[in-house]
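Taking this note's numbering, the leading residue of the sequence shown gets 1, the next gets one more, and so forth. The C-beta atom is built at its ideal place from N, Cα and C for all residues, glycine as well. Note sheet for the following structure.
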Amino acid sequence: MNKITLDFVKKTVIPRKSATHKGNYGRILIIGGNQNFGGAAIMSATAAVYAGAGLVTTATDPMNFTALHARLPESMVLDFNDLDALSTMMAKMDVVVIGPGLGTDAPSEQILRTVLNQVSENQSIIIDGSAITLIAAKKLTLPRQGHLIFTPHQMEWQRLSDITIANQTDANNQQALQKMVTQNKNIYLVLKSNQTKVYLPNQEIWVNTTGNPGMATGGSGDALTGILAAFIGQFKPLSASILAGVYTHSAVADQIYQEQYVVLPQRLSERLPYFMHQLADRSNQAHQLGFHF
Ligand SMILES: NC(=O)C1=CN([C@@H]2O[C@H](COP(=O)(O)OP(=O)(O)OC[C@H]3O[C@@H](n4cnc5c(N)ncnc54)[C@H](OP(=O)(O)O)[C@@H]3O)[C@@H](O)[C@H]2O)[C@@H](O)CC1
Ligand SMILES: Nc1ncnc2c1ncn2[C@@H]1O[C@H](COP(=O)(O)OP(=O)(O)O)[C@@H](O)[C@H]1O
Ligand SMILES: [Mg+2]
């Protein structure tokens with residue numbers, strides 16, 4: 001079993017080059033947040049912005065526009081009920097997150113179908129939360145194109161794979177993935193738990209070495225989707241970006257957990273730019289300047 005370590009992550013999160021602009025750091029679309037779960041989309045978008053995404057658009061229920069703008073003016077907004085506008089927007093994006101707080105009712109399903117039909121070859125789609133539950137319940141066909149990153153918790157993976165939580169062994173999980181690969185050969189599984197594992201298309205399995213029970217609070221997984229989107233939009237290669245995102249999410253949480261009982265996703269996002277600064281090998285400088293994280 002491969003372990004995701006700090007040394008590995010430092011090779012992926014590298015300093016920015018001078019001759020670059022926001023278009024070089026990923027165009028990200030976050031799709032989620034129905035009338036009950038607006039916070040999930042906001043937490044995903046917040047994590048994406050704070051993890052360095054070049055441009056973030058949040059497609060959500062209009063009820064969430066004001067809250068999103070007030071909390072995160074860096075994000076643009078789109079009404080996710082306007083399926084034509086959603087399709088047009090999809091075509092311009094490098095990375096798409098679908099699922100945080102999307103809900104599982106008929107309009108949510110229509111949004112998901114529209115997105116899955118639209119995925120193009122070079123896009124990465126992070127499929128989370130309600131989107132996983134819907135794909136499992138409605139037996140939706142996966143897009144043949146693009147890179148699909150599934151981020152289920154254990155119950156969501158049970159719904160998708162039909163493997164009960166007690167039976168989610170590496171061998172059983174690999175077997176379920178092999179069935180999915182007949183639809184799309186570029187499937188990545190981030191199976192979240194107190195010891196998150198990442199299954200790559202080359203059959204490697206990586207286990208995370210960071211994380212703590214302070215993260216057991218609503219929104220932790222939503223924040224992870226934003227981090228993964230931002231990392232995929234900025235860093236290469238894709239597999240390393242996913243592994244680095246998983247590590248960073250929990251490593252920042254570990255820092256907070258040293259001084260706080262619960263790790264609030266918003267606090268986690270606020271710390272991301274500091275932590276990434278350290279990762280990008282400017283940590284010595286930061287310590288000399290007396291920053292504390
Ligand atoms: N502020 C917001 O807007 C928020 C909105 N959110 C959005 O809500 C939507 C629904 O997502 P969801 O995860 O909350 O519910 P669901 O898919 O029914 O799963 C829960 C069931 O699974 C079980 N379970 C077993 N193992 C588990 C494990 N390791 N981790 C977690 N659960 C585990 C668990 O067991 P139990 O708790 O009963 O023991 C329970 O029976 C989704 O779109 C999401 O993005 C949330 O992000 C929160 C903040
Ligand atoms: N006890 C724990 N130890 C380590 N990490 C945890 C623990 N509990 C939850 N997490 C992490 O928190 C996140 C929870 O994701 P998820 O269940 O999708 O939350 P939500 O949907 O509420 O945002 C995952 O990244 C998971 O690995
Ligand atoms: Mg979740």
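| Asked | Found |
| --- | --- |
| G221 beta carbon near ligand 4 (any heavy atom closer than 7 Å) | You won't find ligand 4 in this model; what it holds is ligand 1, ligand 2 and ligand 3. |
| Meets three-Cβ-pair contact criterion under 8 Å: the segment 254-264 and the segment 111-122 | no |
| N-terminal and C-terminal residue of the alpha helix (DSSP H) that K10 is part of | L6 to T12 |
| Close-in-space but distant-in-sequence residues of the same chain around W206 (CB under 6 Å, 5 per side omitted) | N2, I4, V198 and L243 |
| Cβ contact (3+ pairs, closer than 8 Å) linking the segment 42-57 and the segment 223-231 | yes |
| heavy atom of ligand 1 below 7 Å from G218 C-beta | yes |
| Beta-carbon proximity list for D339, same chain, < 7 Å, skipping 5 on both sides | There is no way to answer for residue 339, as the model of the chain reaches only from 1 to 293. |
| Sufficient close CB pairs (3 or more, under 8 Å) joining the segment 275-282 to the segment 8-25 | yes |
| Proximal residues to I28 (C-beta, below 6 Å), its chain only, five neighbours per side dropped | A48, A53, V56, V95, A229 and G233 |
| Distance cut-off 7 Å: K197 Cβ against heavy atoms of ligand 2 | no |
| Close-in-space but distant-in-sequence residues of the same chain around D128 (CB under 6 Å, 5 per side omitted) | G99, P100, T151 and T225 |
| Cβ contact (3+ pairs, closer than 8 Å) linking the segment 172-186 and the segment 138-153 | yes |
| Buried/exposed call for K192, threshold 16 Cβ in 10 Å | buried |
| Under the three-state DSSP convention, the category R271 falls into | helix |
| Cβ-heavy atom distance, G226 to ligand 2, below 7 Å | no |
| Closer than 7 Å: N173 CB and nearest ligand 2 heavy atom | no |
| 8 Å contact criterion, which M76 and Q118 should meet: CB distance rounded | Between Q118 and M76 the Cβ distance is about 18 Å, and since that is not below 8 Å, they are no contact. |
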